[in-house]
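*Asks:*
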Amino acid sequence: MPRYDFRCRSCGATFELRRPMAQANDPAVCPQGHEDTVKLLSAVAVTGAAAGRPAPSAGGGGGGGCCGGGCCGG
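In short: position in the sequence shown from 1, add 17, done, that's the numbering used here.
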């Protein structure tokens with residue numbers, strides 16, 4: 018179930034709620050009971066082995082031919 022971050026405009030508290038995507042834009046009440054809240058934009062972090070590698074460049078570098086070994090005249 019997705020996690021959504023909210024901030025209370027009354028007291029400034031930030032909090033998170035897990036709810037179905039169908040309820041993503043439903044109003045949320047802060048833990049202090051205030052109803053004047055706003056949903057925050059969450060950033061997504063990419064981690065793991067691929068996170069540090071540059072994306073392959075289009076049309077540049079690398080071998081040639083069908084196998085990349087240069088044996089096919091490419």
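Virtual Cβ for every residue (Gly too), placed ideally from N, Cα, C.
#1: Along the beta strand (DSSP E) that carries ARG36, what are the first and last residues, could you check?
#2: Hey, quick one: how far does the beta strand (DSSP E) through THR54 stretch, first residue to last?
#3: Sorted by chain position, which residues of the same chain lie with C-beta nearer than 6 Å to SER27's C-beta, five sequence neighbours on each side aside?
#4: Using DSSP's beta-bridge definition, name the partner residues of ARG20.
*Replies:* Inspection of the coordinates gives the following:
#1: Along the sequence shown, one-based indexing puts residue 36 at 19. Careful: ARG36 lies outside any beta strand (DSSP E) and carries neither H nor E.
#2: Along the sequence shown, read from residue 1 onward, the residue named residue 54 stands at position 37. 54 to 56 is the span of the beta strand (DSSP E), which, as asked, contains THR54.
#3: Position 10 of the sequence shown, counted from the first residue, corresponds to residue 27. Within the same chain, SER27 has close Cβ partners HIS51 and ASP53.
#4: Against the sequence shown, residue 20 aligns to sequence position 3. Looking at the DSSP assignment, ARG20 forms a beta bridge with ARG35.
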